[in-house]
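Following the numbering used here, the numbering of the sequence shown begins with 2 at its first residue and continues without gaps.
Report on the following structure.
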Amino acid sequence: MTPTVFHHVVVPLDGSALSEAALDPARRLLGEAQATLYLLRVLAPTENESPEARDARIESAQAHLREVERRLQPCQHDVELHVRHGDPAEAILAFSADVSADLLAMSSHGRCGLERLVRGSVAERVMRNSPLPVLQVTPCAPVGWERGFERVLVPLDGSARSESILPLAKAVARQFGSELLLFHVRGPREVESVAPYGPRAEALLEELRAEGFKASYTQVEGAPAAEILKAAEDTPCALLAMSTRGATGPQRWIFGSVAEDVLRHARSLALVQRA
């Protein structure tokens, strides 16, 4: 049996149906291995909240998690339900560390407000600071991934940091028998003095094929974010795998605003790991 990559997956929920979009892809990544799925609700602080109101919020969150668990049945994985209090991003990261999680799976369309998970400060903080890989899921993700990830699209910008996603991409590809698609965009501002990426890509392809992977390389010219998004849209049953640069201050993603733009607009599932 091909080894499963992930065994302890945390799925933060916010009470909305849209936030539950991450559940099925997370379960798919767990495969058939013995594994644990952690369903997490984080209750953000509320000013002047009475003990009765706090208890009611906790009870409501617990009831929601129990209902989600019921709808997941039959489930071959262990399912644990947890409610935490505090700053959502900090609580998600702390909880993931407490349970020794190896993946965070988050929907890209949570409810607006203090508990929203993404398209806002919470998800950006989680993704910038998580030492774990993060699976970003959109409710409008193209169909087809349910039968597995047939292709893993790996954007590379020519840096060693961008290539740091390759071990994880290879592990997922090995689990699902996926084809690895290396993808490089030569942007309009890329100066002529920059060494062509083709020779490095060919070396990577040789290594991947020697390891038994089906792999290919594509280079295009254009606006990097737009070309990556187009490639993801045009690639059926694809998982987008990208490295990012962690940041707690003004630093940006490894592609700068490119990666941020890709993740904000991607319709395909995206597996992100901090370099």
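Cβ atoms here follow ideal geometry from the backbone N, Cα and C, with glycine treated the same way.
Check your understanding: residue 69 lies in the alpha helix (DSSP H); which residues open and close that run?
Key -> 52-73
Review point. Helix, strand or coil for residue 14 per DSSP?
Key: strand
Review point. Does any residue of chain B bring its CB to less than 8 angstroms from the CB of residue 58?
Key: Protein chain content of the structure displayed is limited to a single chain, and chain B is not contained in it.
Review point. Looking at the unbroken alpha helix (DSSP H) that takes in residue 177, where does it start and where does it end?
Key: 167-177
Point to revise | Segment contact, 8 angstroms Cβ cut-off, at least three pairs: the segment 100-108 with the segment 62-76 | key: no
Point to revise | First and last residue of the uninterrupted beta strand (DSSP E) at residue 268 | key: It is not in any beta strand (DSSP E) - residue 268 carries neither H nor E in the DSSP assignment.
Review point. How far does the alpha helix (DSSP H) with residue 225 in it reach, from first residue to last?
Key: 225-235
**Study point:** Inter-residue CB distance, residue 12 and residue 106 (contact presumed, cutoff 8 angstroms)
**Key:** 5 angstroms
**Study point:** Helix, strand or coil at residue 133 according to DSSP, with G and I counted as helix
**Key:** coil
Exercise for review: Could you pull out every residue in the same chain whose Cβ sits closer than 6 angstroms to the Cβ of residue 76, ignoring the five residues on either side in sequence?
Suggested key: none
Check your understanding: Per DSSP, residue 219 is paired with what?
Key -> 184
Practice item. To the nearest angstrom, report how far apart residue 17 and residue 204 are at their CA atoms. Key: 46 angstroms
Review point. From this set, 61, 202, 130, 73, which residue's C-alpha is nearest residue 185's C-alpha?
Key: 202
Practice item. Can you check DSSP and say which residues form a bridge with residue 39? Key: 11, 81
**Study point:** Limits of the alpha helix (DSSP H) - the one that residue 46 falls within
**Key:** Where residue 46 is concerned, there is no enclosing alpha helix (DSSP H), given that its DSSP letter is neither H nor E.
Review point. Beta-carbon separation of residue 170 and residue 242 under 8 angstroms?
Key: yes
Check your understanding: Where does residue 157 sit, in a helix, a strand or coil, going by DSSP?
Key -> coil
Check your understanding: Relative to the C-alpha of residue 62, which residue among 48, 225, 156, 40 is closest?
Key -> 40
Exercise for review: Report all residues from its chain with a CB closer than 6 angstroms to the CB of residue 222; omit the five preceding and five following residues, and keep chain order.
Suggested key: 187
Point to revise | Three-pair Cβ contact test at 8 angstroms for the segment 268-275 versus the segment 226-237 | key: yes
Exercise for review: Pull up the CB-CB distance for residue 104 and residue 10, whole angstroms please, since I reckon it's below 8 angstroms.
Suggested key: 5 angstroms
**Study point:** Residue nearest to residue 182 in terms of C-alpha spacing, selected from 129, 80, 217, 38
**Key:** 217
Review point. Can you give the Cα-Cα distance for residue 261 and residue 51, rounded to whole angstroms?
Key: 39 angstroms
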